[in-house]
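Step one of this worksheet: look at the structure below.
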Amino acid sequence: MKIERLISWFSIQDEVLIGEIVIDTIELNTLKEIFKPQTNDPLMYNPYPINEEIAKKLQEYLHFDFEFEKFIYQLDCFQVD
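Spelled out as structure tokens, the structure:
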């Protein structure tokens with residue numbers, strides 16, 4: 001089973017999915033330090049909202065511009081074949 005983690009972003013106006021970027025280059029332990037997952041979710045399978053503070057930490061590992069005035073962001077996890 002392969003797991004893929006990505007950042008998804010949605011329109012603030014109607015919450016329609018606008019885009020996704022795979023972030024598998026960021027180690028799980030690094031993501032755990034950034035997001036502080038719930039104890040019952042040690043592998044971070046649940047979605048996690050991304051605020052401006054978290055975005056700044058993620059930008060140390062990504063070349064991605066967050067636009068919080070336009071979009072809502074979250075970390076997602078999916079099983080892929």
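Here the sequence shown is numbered in our numbering, starting from 1 and rising by one per residue. Built from N, CA and C at the ideal position, the CB exists for glycine as well.
message = Suppose you measure from the CA of E60 to the CA of T30; what does that come to, to the nearest Å?
response = Between E60 and T30, the C-alpha separation is close to 11 Å.
inquiry  = Taking DSSP's pairing of strands, which residues face F10 in a bridge?
reply    = L17 and I72.
message = So, under 8 Å CB-CB, L75 and Y48 are touching, yes? Tell me the CB distance rounded to an integer number of Å.
response = Yes, they are in contact, since the Cβ atoms of L75 and Y48 sit about 4 Å apart, within 8 Å.
query = What does a CB cutoff of less than 8 Å around F64 pick up in its chain, not counting 5 residues either side in sequence?
reply = So the qualifying residues of the chain are I7, I21 and L58.
inquiry  = Mapping the DSSP letters down to three states, classify I3 as helix, strand or coil.
reply    = Taken through DSSP and simplified to helix, strand or coil, I3 comes out as strand.
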